[in-house]
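In what follows, a single structure is set out as structure tokens and then discussed.
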Amino acid sequence: MAEPINGVPELPKPERMKIPRHPMPAQDPHARNRNFDEVATGYAPETALAEAQRCLQCANPPCVKGCPVGIDIPAFIDLLRQGDVAGALVKLKETNTLPAICGRVCPQEEQCEVVCVVAKRGEPVAIGRLERFVADWEREHSQVSVPELASPTGMKVAVVGSGPAGLACAAELARAGHAVTIFEALHKPGGVLVYGIPQFRLPKEIVTYEIDALHAMGVEIRGDFVIGKTATVHELFWEFGYDAVFLGTGAGLPYFLGIPGENYIGVLSANEFLTRVNLMKAYDFPRHDTPVRPGRRVAVVGSGNVAMDCLRTAKRLGAEEVICVYRRTRNESPARKEELEHAEEEGIDFRWLSAPLAIRGNAEGFVTAMQIQRMELGEPDASGRRRPVPVPGSEYDIAVDTVVVAIGQGPNPLATRSTPGLALNRHGNIVADPETLQTSIPGVFAGGDIVTGAATVILAMGAGKQAARGINTWLEKLKAGEVEKPRLE
Amino acid sequence: MFAILSREEIAPRFHRFVVRAPEIARKHRPGQFVIVMPDEHGERIPLTIAHADAAAGTITLVVQEVGKTTMAMGRMNGGDGFVSVVGPLGTPTHIERLGTVICVGGGAGIAPMLPIAAGMKAVGNRILTILGGRTHELVILRDEMAAVSDEVFLTTDDGSLGRKGLVTHALADLVAERGKPDLVVAIGPAVMMKAVAELTRPMGIKTWASLNSIMVDGTGMCGACRVAVGGQTKFVCVDGPEFDAHEVDFDLLVKRLRMYLPEEQAARERYLEQCRCHGEGGHHG
Ligand SMILES: Cc1cc2nc3c(=O)[nH]c(=O)nc-3n(C[C@H](O)[C@H](O)[C@H](O)COP(=O)(O)OP(=O)(O)OC[C@H]3O[C@@H](n4cnc5c(N)ncnc54)[C@H](O)[C@@H]3O)c2cc1C
Ligand SMILES: Cc1cc2nc3c(=O)[nH]c(=O)nc-3n(C[C@H](O)[C@H](O)[C@H](O)COP(=O)(O)OP(=O)(O)OC[C@H]3O[C@@H](n4cnc5c(N)ncnc54)[C@H](O)[C@@H]3O)c2cc1C
Ligand code: SF4
Ligand code: SF4
Ligand code: FES
Chain Z
1 MAEPINGVPE LPKPERMKIP RHPMPAQDPH ARNRNFDEVA TGYAPETALA EAQRCLQCAN
61 PPCVKGCPVG IDIPAFIDLL RQGDVAGALV KLKETNTLPA ICGRVCPQEE QCEVVCVVAK
121 RGEPVAIGRL ERFVADWERE HSQVSVPELA SPTGMKVAVV GSGPAGLACA AELARAGHAV
181 TIFEALHKPG GVLVYGIPQF RLPKEIVTYE IDALHAMGVE IRGDFVIGKT ATVHELFWEF
241 GYDAVFLGTG AGLPYFLGIP GENYIGVLSA NEFLTRVNLM KAYDFPRHDT PVRPGRRVAV
301 VGSGNVAMDC LRTAKRLGAE EVICVYRRTR NESPARKEEL EHAEEEGIDF RWLSAPLAIR
361 GNAEGFVTAM QIQRMELGEP DASGRRRPVP VPGSEYDIAV DTVVVAIGQG PNPLATRSTP
421 GLALNRHGNI VADPETLQTS IPGVFAGGDI VTGAATVILA MGAGKQAARG INTWLEKLKA
481 GEVEKPRLE
Chain R
1001 MFAILSREEI APRFHRFVVR APEIARKHRP GQFVIVMPDE HGERIPLTIA HADAAAGTIT
1061 LVVQEVGKTT MAMGRMNGGD GFVSVVGPLG TPTHIERLGT VICVGGGAGI APMLPIAAGM
1121 KAVGNRILTI LGGRTHELVI LRDEMAAVSD EVFLTTDDGS LGRKGLVTHA LADLVAERGK
1181 PDLVVAIGPA VMMKAVAELT RPMGIKTWAS LNSIMVDGTG MCGACRVAVG GQTKFVCVDG
1241 PEFDAHEVDF DLLVKRLRMY LPEEQAARER YLEQCRCHGE GGHHG
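Protein chains in written order, with this note's numbering: chain Z, 1 to 489; chain R, 1001 to 1285.
Structure follows, in structure tokens:
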């Protein structure tokens, strides 16, 4: 049972508006850049209640519109203030299956919090931190509660990929009474949540907890199963007997720079670097067998969330110097502000307006240096950001022994290429109906990064839920004999 | 858990495993491989499917002990299991009737050659096989290869079996005697495949090599396995493992294989140390 949290009475509005935003307690930067424990340690109950007071309970709350899945933010915050943490979690879970995760990794500063009314006069309500508090409190203090499941429908659905899109889709479908199997290529479920986002930002126990909850709901998870190799989508329908298929295969294909020297030893994709460390636990080598070369001087190319994770991971592995190489400025950096600040505090050397030109290596093939070109900002480009242009004659070398390339990922082609008739856009992403998320093949649905390109956890999760609604409708029609399962061979 | 039905030491430090993996057995085509993670703390390593029996639901792997993971696998037995086996991965070999195919296999490369030779034979090619190793014991799967070949030629570095010398010597003589084949397939250590490619290039003989780069996921997600082929970066796990040997930058492959040498050595020593503490060190010397 959850320990009771005593609620606090609602203060008058003018008083509420005087409370400053509560900072997130965090490990000391000089201690944390040597360990893999979570950086942000979470609100204490008193802090959470005091922060909940700051919400003005707007009648027409803009924050709800800022959240991609439209969480009823004032309602969950009010329940929390009253001490009804369990009720607050139920409220969150009405729209967000993964609040402990989204509360940690959502870019709140550009979603729910940026539009918060309180932000007009000061700092916004810490919505994400409260969301995290509610989910953590319930996880730590109560038993896994299995949501009520509809009676079995006798229909079977295959969910391909176990990232946030697949997990959310599976949960919704199980709740609707369908028999659900998740097929995952890796040996562990969770997608980017386990192989990409590091332990110090998202402890893996939280992902495991969500996966356990799915198991408790009767969802079967089959790892080591690659759609397109171990079985095709066609076979899922006709040999394995599934009635619908959801593709949530993500954006996992690493892009490289296309500059000379890219295949020298010590040049890794962000995916390889993070997978070795997170999924394969190379930070615990040799207790775990997979090695990773920590590097003494590490350059990470790019400045998004993925780059921040690589920089901070390299530092934690013991690199003496960790350098971020980005061709625009701090203002254009696509990383979350909080992550950027954390990285700065942890001693990362940021080289803004710097573009890599070439990677140099020695006779044995090991990386020795990176040639960098200084840039300056020119006219705005199509994205509205000022285009970086090279400063002639400004090339210089930095000595490095490891280069991690974090400039983005494309759609993984294994599932799409092996599914004839599946419409893709020119980038290789699956084209899906914006309402139902059905693809060009009836009965095959898709959502998450494989449709949108690399985006966010909350959007992928929302897409998974949305697709589940589309799938429910499809299954009803299938049962009524109005539609037929597709033949793809 | 993927059950090991049997393990047999077919030559010193070469083990043949029969593993239960019905879905993989059902889909396997020559040239494909699996990624195996032996235990929870293990590494994911690529191994070619040497044989698949769809009816029995099993795959056969032939593993050479070279480091910590493969040594530890050599001590697993029927009744044990691998926590993870995923596949069949990679692009299958393009099997077609060409005429005469010379299969050149060295060391652990003989195992991946077996299904390819069998597939090529089944569609009516004449298969001339050259197998080589340092010494007679290391020329593995001789009977199995003979069963799918029209003729077999053996070489050893020390002359303890067949002709003394390298597989490339045997290949040069075979071509001189019988004329140009329609295809050469070379599988073995990178240096061997490179030597074969250098030999056949000036003769204009189409040659394939199956590359053994370092891998993690085996599904195109990490880029660890990348190689340069014809000046372009390719991923061995999805674009390969077979490529036109005349286009492959073998020097780069050899260098990239040395990426984790210090860590691999440390892991191997640590493992052997542990074995010795448990009083079973003799076997690995
Ligand atoms: C390092 C990193 C940090 C990030 N940080 C943040 C952050 O702070 N906040 C945020 O909101 N977003 C972040 N993102 C983005 C976010 O993680 C993704 O947008 C989200 O995970 C997409 O979810 P998905 O379910 O579509 O795909 P994924 O999470 O990519 O999952 C796809 C799954 O499908 C599996 N798969 C692929 N092909 C097949 C196949 N053929 N057969 C079977 N399985 C297959 C894959 O192995 C994978 O497990 C980050 C991404 C990365 C890489
Ligand atoms: C497509 C493919 C098919 C293969 N098929 C077979 C096979 O049928 N039988 C067989 O015995 N071997 C095969 N190999 C090689 C096998 O994967 C390696 O021998 C094994 O990973 C070594 O692991 P280890 O821990 O025992 O040795 P380590 O100590 O890790 O390494 C020893 C040597 O193996 C190489 N190596 C290390 N890690 C890998 C890796 N992940 N992938 C490839 N090579 C690596 C290194 O260059 C090193 O020199 C294949 C490799 C590939 C890429
Ligand atoms: S899910 Fe994300 S965007 Fe929505 S309320 Fe929570 S933190 Fe804000
Ligand atoms: S906009 Fe801000 S103050 Fe208003 S309801 Fe949302 S969180 Fe509360
Ligand atoms: S092994 Fe990861 S991309 Fe090939």
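For glycine and all other residues, C-beta sits at the position ideal for the given N, C-alpha and C.
Check whether chain Z comes within 9 angstroms of residue i, counting only Cβ atoms and requiring the distance to be less than that.
i        : result
M1221(R) : yes
H1283(R) : Summary for H1283(R): the model assigns pLDDT 49, below 50, so the residue's position carries little reliability, and this model does not support an answer.
E1264(R) : yes
K1068(R) : yes
R992(R)  : Nothing about residue 992(R) can be read from this structure; chain R reaches only from 1001 to 1285.
A1267(R) : yes
K1255(R) : yes
G1087(R) : yes
L1005(R) : no
G1159(R) : no
R1075(R) : no
Would you mind reading off the limits of the beta strand (DSSP E) that contains residue i?
i        : result
A399(Z)  : 396–399
H1015(R) : 1014–1020
H1051(R) : 1051–1053
F1033(R) : 1033–1037
Q386(Z)  : Checking the sequence shown, residue 386(Z) turns out to be Arg, not Gln. Taken as a continuous stretch (DSSP letters only), the beta strand (DSSP E) holding R386(Z) covers 386–390.
M375(Z)  : 367–380
Taking 9 angstroms as the CB-CB limit, is residue i close to chain R?
i       : result
M1(Z)   : Unreliable placement is indicated for M1(Z), whose pLDDT of 47 sits below 50; the coordinate value is still reported in the next sentence. Not an interface residue.
R293(Z) : yes
F495(Z) : This structure cannot speak to residue 495(Z), because chain Z is shown only from 1 to 489.
N60(Z)  : no
N263(Z) : yes
E272(Z) : yes
N412(Z) : yes
V160(Z) : no
I5(Z)   : no
D224(Z) : yes
K204(Z) : no
L193(Z) : no
If you run the structure through DSSP and keep just helix, strand and coil, what is residue i?
i        : result
G470(Z)  : helix
D1080(R) : strand
E1065(R) : coil
G1281(R) : Residue placement at G1281(R) is poorly supported in this model, since its pLDDT is 45, which falls under 50; the coordinates are not used for a value here.
M1(Z)    : Any answer about M1(Z) is weak, because its pLDDT of 47 lies below 50 and its placement is not dependable; what the coordinates show is given next. Three-state result, M1(Z): coil.
L1098(R) : coil
I259(Z)  : coil
R1270(R) : helix
R986(R)  : Residue numbering for chain R in the displayed model covers 1001 to 1285; residue 986(R) lies beyond these limits and cannot be assessed.
A1118(R) : helix
T1060(R) : strand
F133(Z)  : helix
S1275(R) : Strictly speaking, residue 1275(R) in this sequence is Cys, with Ser absent from that position. Helix, per DSSP.
E1009(R) : strand
Which residues bound the alpha helix (DSSP H) around residue i?
i        : result
E1144(R) : 1142–1147
A168(Z)  : 164–175
Notebook entry, point to check: Taking only runs of the alpha helix (DSSP H) that begin and end inside the stretch 418–466 of chain Z, which ones reach a length of at least 4 residues, in chain order?
Noted result: Assignment of alpha helix (DSSP H) within the stretch 418–466 of chain Z, counting only whole runs of 4 or more residues, yields 449–452 in chain order.
Notebook entry, point to check: Any residues in the stretch 130–142 of chain Z with a beta carbon nearer than 9 angstroms to a beta carbon of chain R? Which ones, in chain order?
Noted result: Residues passing the 9 angstroms Cβ filter: none.
Margin query: Short of 8 angstroms Cβ to Cβ, which residues in the stretch 1018–1045 of chain R face chain Z?
Written below: Per Cβ criterion, the list reads E1023, I1024, K1027, M1037, H1041, G1042, E1043, R1044.
Check: Given a limit of 8 angstroms on CB to CB distance, which residues of the stretch 276–308 of chain Z reach chain R?
Finding: Residues of the stretch 276–308 of chain Z with a C-beta atom less than 8 angstroms from some C-beta of chain R are R276, M280, K281, F285, P286, R287, H288, D289, T290, P291, R293, listed in chain order.
Next item on the list: Jot down the residue ranges of each uninterrupted beta strand (DSSP E) in the stretch 279–358 of chain Z, minimum 3 residues, whole runs only, in chain order.
Entry: For the stretch 279–358 of chain Z, whole beta strand (DSSP E) runs of length 3 or above, ordered along the chain, are 297–301, 321–325, 349–351.
Item checked: Unbroken stretches of the beta strand (DSSP E), 3 residues or longer, contained in the stretch 1224–1248 of chain R -> Fully enclosed beta strand (DSSP E) runs of no fewer than 3 residues occupy 1226–1229, 1232–1235, 1242–1244 of the stretch 1224–1248 of chain R, in order along the chain.
Next item on the list: Identify every run of the beta strand (DSSP E) within the stretch 44–69 of chain Z, keeping only runs that are complete inside it and at least 3 residues long; order them along the chain.
Entry: Counting only runs that start and end inside the stretch 44–69 of chain Z, there is no beta strand (DSSP E) element of at least 3 residues.
Margin query: Ignoring anything shorter than 3 residues, give me the beta strand (DSSP E) runs that lie fully in the stretch 1129–1193 of chain R, in order along the chain.
Written below: Taken in chain order, the whole beta strand (DSSP E) runs of length 3 or more contained in the stretch 1129–1193 of chain R are 1151–1156, 1183–1187.
Notebook entry, point to check: What residues in the stretch 245–256 of chain Z bring their beta carbon closer than 8 angstroms to a beta carbon of chain R?
Noted result: Cβ contacts with chain R come from G252, L253, P254, F256.
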